[in-house]
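Number of protein chains: 2
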Amino acid sequence: MRRTRLTPEREAELYEAVLALLREVGYDALTMDAVAARTRASKATLYRQWKGKPELVASALRHNKPMSLADIDTGTVRGDLQSMVCSADQDRMDKDAALMRGLQHAIHRDPDLKQALREVLIQPEMDALDAMFRRAVDRGEIEAGNPALPFVGHMVLGGFIARPLIEDRTADSEYLSRYIDAVILPALGL
Amino acid sequence: MRRTRLTPEREAELYEAVLALLREVGYDALTMDAVAARTRASKATLYRQWKGKPELVASALRHNKPMSLADIDTGTVRGDLQSMVCSADQDRMDKDAALMRGLQHAIHRDPDLKQALREVLIQPEMDALDAMFRRAVDRGEIEAGNPALPFVGHMVLGGFIARPLIEDRTADSEYLSRYIDAVILPALGL
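Same order as they appear, the protein sequences are chains A and B.
Reminder that position 173 of the first sequence reads as 173 in UniProt numbering, one-by-one numbering, no gaps.
Reminder that position 161 of the second sequence reads as 161 in UniProt numbering, one-by-one numbering, no gaps.
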């Protein structure tokens, strides 16, 4: 009897293994052999299910949906931003940061991987931020022409990525909360 | 006759090759064999001169000194920041960004490499920024207690790194100039 489809549980298990390997060794050093060995799957199974490494990694990233900002709506910009930071799971943020690091070199050479990363890890958060600030404009808290408005995503993501490089510490909620009050809100004139 | 020291020209040539390989394949995939092949040097020469890959890469980074902000002093914060952006060599900035990407995963596992990267690529710029803003405080342009002051480095580096991730475009002078006026100066209350 030959199993033609993986169960959702088995698929999730394979994706978890792929993401763990990504964080550990990075994209270039990740091999289908290593995935097969760690998950006790046959390589034939992997290649039957996914065409190759870029597809398997993209599927694993798609499966690992980031936390959603879309549900946050406190009624003020400060409330929304601070709630985004406080609701964030630190362990999850650290893992996402490790994923980004493991992929950053590879995405500049592999357009499929880059597309998947942008679609899965970055664009959904940027869309949710856009919606958050459209509401702020609608309720009159920020003017539509505020010059800092097109850079909200850059400020949030930039503050997140810059800390480990400058201070050699991960961007935790305490730091991000200070960064919001000292940088993002004043830049927006709030 | 056995040559015991490399000439400065030959050393510079080796460092250039190491940096080019770093940008192309990343730290993990960079091998002493590849450096030897590209520079037509013997591996014995490489190992005689440098203990191993981390030392060779650290030396190459140290040799590749980043442009210095230390000489900029226009008399205003806006003038200093805009001049930093306009004086920047775009090709050089792109190359430094490619270097950072190629190293980012490796530095999280290799403390020597991380130390070298921070010492060579990040700390000198942060020190120069600190001096720039100490002068602004001294001449009374900014208050010493301005809450955004501790985050100037995060804003500059963050804006630089965030653009390619969000917009899929490198942070060029035109973008950085807009970012300074829309984000950094307003955040500082200027």
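Cβ coordinates follow ideal geometry from the N, Cα and C atoms, glycine included.
With a threshold of 16 other beta carbon atoms within 10 Å, G75(A) falls short and is exposed. In the DSSP assignment, L176(A) falls within the unbroken alpha helix (DSSP H) covering 173–179.
Taking 4 residues as the shortest admissible run, the UniProt DNA-binding region "H-T-H motif" (31–50) of chain A contains the following complete alpha helix (DSSP H) segments, listed from N- to C-terminal end: 32–39, 43–49. Taking the Cα positions, H63(B) is about 11 Å away from L121(B). A distance below 7 Å between beta-carbons, with the five flanking residues on each side excluded, links Y175(A) to the following residues of its chain, in chain order: R163. At a cut-off of 8 Å, the C-beta of M126(B) has a neighbouring C-beta in chain A.
With a threshold of 8 Å between beta carbons, M32(A) makes no contact with chain B. Counting only the Cα atoms, V25(A) lies some 19 Å from A98(B). Using a Cβ distance threshold of 8 Å, D130(A) and A58(A) do not count as a contacting pair.
Straight-line spacing of the CA atoms in L69(B) and D168(A) works out to 22 Å. Counted as a single uninterrupted DSSP element, the alpha helix (DSSP H) harbouring L81(A) occupies residues 77–87. Residue state for D73(B) is assigned as coil, using DSSP reduced to three classes. Taking R38(B) as reference, the option from L56(B), L21(B), K51(B) with the minimal CA-CA separation is L21(B).
Excluding five sequence positions before and after M126(B), the CB atoms of its chain that fall closer than 7 Å to its own CB belong to G153, given in chain order.
The Cβ of I166(B) sits closer than 8 Å to at least one Cβ of chain A.
Each of Q123(A), V85(A), L149(A), L117(A) was checked against the Cα of A171(A), and the nearest Cα belongs to V85(A).
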